[in-house]
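Trainee:
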Amino acid sequence: MIGREIEDSDRSNDALAIASGALKRRAGITDFQRIMVAISALCLLAYSVGSVAVGIRLLLRARVTRGVPELLAGLTYLCAPGIGYPLQVVGAQLPMRAVAVPMNVAGECLIVFGLSCFLFFTVTVFRPSARWAKWSAWLGTLALLYVGIVINYAAITYSNPAESQAHVRPAVATVLTVLALAWGWTALEGLRYYRMMKKRMALGLADPVVTNRFLLWGLNGLTSMGWLSVSVLVFLAGGNLATSPLVVSATSGGGFANTIFLLLIFMPPAAYTRWIERSARAPQLATV
Amino acid sequence: MASAAFEAVQSELERSASMDRWTAQGAIRLALMDAGLESSSVTSAQMKVVVDRLLPKQLQSQKVSDVPGVCEKIQRALMLLGDDAGAESPERVFQRMAS
């Protein structure tokens, strides 16, 4: 009897130890998630603030130069990553539908508008006379409009997230396809032009700082392709892109890298510009 | 659509080197490709460098006689053209956006 009690007591102690270990492990995961959420939030904040700064600067440039590319790029960065994406991420975390739904709808509208401007920026700058490029931009815009309507309809109609997610899956697949094509196109055009600019530099026909901007533009496209591929994998695995910590982390981290590229392209610090100029002069001096 | 500088060089090649339109265009396009330039946006200032540094090689491969003389005539034609600063290109856009 006493032996059984001791045995039971040992068992209950074992169970307590296991439960305690599980709790500790669970607490560990929670801490990790909390750190990831904090890092993601900081990256998202940097991405949004950087995009707003670049967007405003480009819009101010557009007022002076009357250039359409400046206007399109400015609207892109201000509307999509600057205001639209943060509205959606914050809206997805809010429990109050009365606040969350208008935030989601406004965010989606801004993202659709910003991304459409981005497609036309690529056409205007890199392929102004190519008919296929104009058609591609229009098709992309139509696809984004479809996505915006479906996602906003789901946000307004369904209060159950699972039901809403099931409804928007075709639209999410569409936006992922459009984004993959848009960023792939950006990377190709940027790196193609960088190669051309390097040839010009060898003849003294190009500025090294402007040449470097094309490299950064291409890398900006490649980075976006990187974080987008995480979204594609999570989507194919049946995950929710708005709430998946992996997607939010990858998007925020990739967005942070994009912010650095954008700042170096459109608002380069004097030290960086000097470094690029010095690096370009070094091989020339070596051959003298 | 080709730029004014491209068309000026093409016309001069047809006239001075007795090249037909397609051969002249091909020679210029190959030289522009080596320079990383595009026929639609190349300016006369850029074309002067191409004619000086890269076009002679293309003309020699086309067995054009008196390559230096032909290039000299092209340079004169480009000088008459002036600089077409209004042409938009990705280079100008990226230069302008951060200035």
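Top to bottom, those sequences are chains A and B.
Just add 1188 to wherever you are in the first sequence, counting from 1, and you've got this note's numbering.
Just add 280 to wherever you are in the second sequence, counting from 1, and you've got this note's numbering.
We treat Cβ as the ideally placed atom computed from N, Cα and C, and that holds for glycine.
These numbers were taken from a predicted model, which means no experiment stands behind them.
In angstroms with no decimal places, state the Cα-to-Cα distance between residue 1254 of chain A and residue 309 of chain B.
Mentor: 32 Å
Trainee: Would you call residue 1232 of chain A buried or exposed, if buried means 16 or more other Cβ atoms sit within 10 Å of its Cβ?
Mentor: buried
Trainee: Tell me, to the nearest whole angstrom, how far the beta carbon of residue 1235 of chain A is from that of residue 1447 of chain A; I am working on the premise that it is less than 8 Å.
Mentor: 5 Å
Trainee: If you pair each beta-carbon of the segment 284-296 of chain B with each one of the segment 1293-1311 of chain A, do three or more pairs fall below 8 Å?
Mentor: no
Trainee: Please list, in chain order, the chain B residues whose beta carbon lies closer than 7 Å to that of residue 1381 of chain A.
Mentor: 370
Trainee: Of the choices B/378, B/339, B/379 and B/360, whose alpha-carbon is the least far from that of residue 298 of chain B?
Mentor: B/339
Trainee: Taking its Cβ as the centre, do 16 or more other Cβ atoms sit within 10 Å of residue 1312 of chain A, making it buried, or is it exposed?
Mentor: It is buried - the Cβ of residue 1312 of chain A has at least 16 other Cβ atoms within 10 Å.
Trainee: Sort A/1464, A/1364, A/1412 and A/1247 by Cα distance to residue 1375 of chain A and report the nearest one.
Mentor: A/1412
Trainee: Just list the alpha helix (DSSP H) runs in the segment 1304-1391 of chain A, keeping only unbroken ones of 4 residues or longer that don't cross its boundaries, in chain order.
Mentor: 1319-1345 and 1349-1390
Trainee: Using a cut-off of 7 Å between C-beta atoms, extract the partners of residue 1253 of chain A located in chain B.
Mentor: 376
Trainee: Can you look up residue 339 of chain B in the DSSP assignment and give me helix, strand or coil?
Mentor: Collapsing the DSSP output to three states places residue 339 of chain B in a helix.
Trainee: Is the segment 1425-1432 of chain A close to the segment 339-354 of chain B, with three or more CB pairs under 8 Å?
Mentor: no
Trainee: Any C-beta of chain B sitting closer than 8 Å to the C-beta of residue 1322 of chain A?
Mentor: no
Trainee: From the beta carbon of residue 316 of chain B, is the nearest beta carbon of chain A less than 8 Å away?
Mentor: yes
Trainee: Given that a residue counts as buried once 16 or more other Cβ atoms are within 10 Å of its Cβ, and exposed if not, what is residue 1252 of chain A?
Mentor: exposed
Trainee: Please confirm whether residue 324 of chain B and residue 358 of chain B have their CB atoms less than 8 Å apart.
Mentor: Yes; because the gap between Cβ atoms is below 8 Å, this pair is in contact.
Trainee: Whose C-alpha, out of A/1443, A/1244, A/1261 and A/1358, is nearest the C-alpha of residue 1302 of chain A?
Mentor: A/1261
Trainee: With a threshold of 6 Å on Cβ separation, who are the neighbours of residue 1328 of chain A within its own chain once the five nearest residues in sequence on each side are excluded?
Mentor: Answer for residue 1328 of chain A: 1307 and 1366, listed in chain order.
Trainee: Do residue 1378 of chain A and residue 1405 of chain A have their C-beta atoms closer together than 8 Å?
Mentor: yes
Trainee: Note down the Cα distance separating residue 1229 of chain A from residue 369 of chain B, rounded to an integer number of angstroms.
Mentor: 38 Å
Trainee: Pair every Cβ in the segment 1377-1394 of chain A with every Cβ in the segment 1443-1457 of chain A, then say whether three or more of these pairs are closer than 8 Å.
Mentor: Between the segment 1377-1394 of chain A and the segment 1443-1457 of chain A, the count of Cβ pairs shorter than 8 Å is below three; the stretches do not touch.
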